Amino acid sequence: MTLVKFNRDNGKALMPGVNDIFESIFNDTFFSDRMVTRVPAVNISESGDHYHIELAAPGLKKQDFKINVDRDQLSISVEQQSENNDRKYNKREYSYSSFVRSFTLPELADQDRIEAAYEDGVLKIDVAKKEEAKTVSRQIELK
30 MTLVKFNRDN GKALMPGVND IFESIFNDTF FSDRMVTRVP AVNISESGDH YHIELAAPGL
90 KKQDFKINVD RDQLSISVEQ QSENNDRKYN KREYSYSSFV RSFTLPELAD QDRIEAAYED
150 GVLKIDVAKK EEAKTVSRQI ELK
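Under our numbering, the first residue of the sequence shown carries the number 30, and numbering increases by one thereafter.
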């Protein structure tokens, strides 16, 4: 989720600079940390025999992830302790201290054949389809 700047008059404000003031306030980390939900972006795709989930989460280690399946729910969670260092950030946009993403698996997903890998900041989960999902296409002859 992201905060989108709404500008009704397309930059034709009566008092130029007012928009700049509000923009600088809402781009401040005090506001942005509270207004923006910090969950990683996800791509979901499907091939002939698998469902694919790709979750962008740079800066994590594979042991940070917990992946669970409960009934038809696939949950990905990360719980990290905040860093206690002396670094003062001017702007910080990519910290994921903790999050949970959950997905409802389709009926045709084979929950016993789920594989996951984390590399280059992307968690990739492949969920195999059950055999009945792999339909063979055929042409129907008209009579």
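We put the beta carbon where it would ideally sit given N, CA and C, even for glycine.
Model, not experiment: these values are computed from the prediction.
- Between the alpha carbons of residue 101 and residue 171 lies a gap of roughly 39 Å.
- In the displayed model, residue 161 falls within a helix according to three-state DSSP.
- Residues of the same chain with a CB within less than 6 Å of the CB of residue 82, apart from the 5 flanking positions on each side, are 73 and 154 in chain order.
- The DSSP-derived three-state label of residue 168 is coil.
- Counting C-beta atoms within 10 angstroms of its own C-beta, residue 118 has fewer than 16 neighbours from the protein chains shown and is therefore classed as exposed.
- Under the three-state reduction of DSSP, residue 91 is assigned to helix.
- Around the beta-carbon of residue 135, fewer than 16 other beta-carbon atoms lie within 10 Å, marking it exposed.
- Shown here for residue 71: same chain residues with a beta carbon closer than 6 Å to its own, the five before and five after excluded, namely 84 in chain order.
- In this chain, residue 101 is not harboured by any beta strand (DSSP E), its DSSP state being neither H nor E.
- One thing to note: residue 89 has its Cβ no nearer than 8 Å to the Cβ of residue 132.
- Membership of residue 147 in the beta strand (DSSP E) is indicated by the continuous run 138-148.
- For residue 153, the secondary structure class from DSSP, reduced to helix, strand or coil, is strand.
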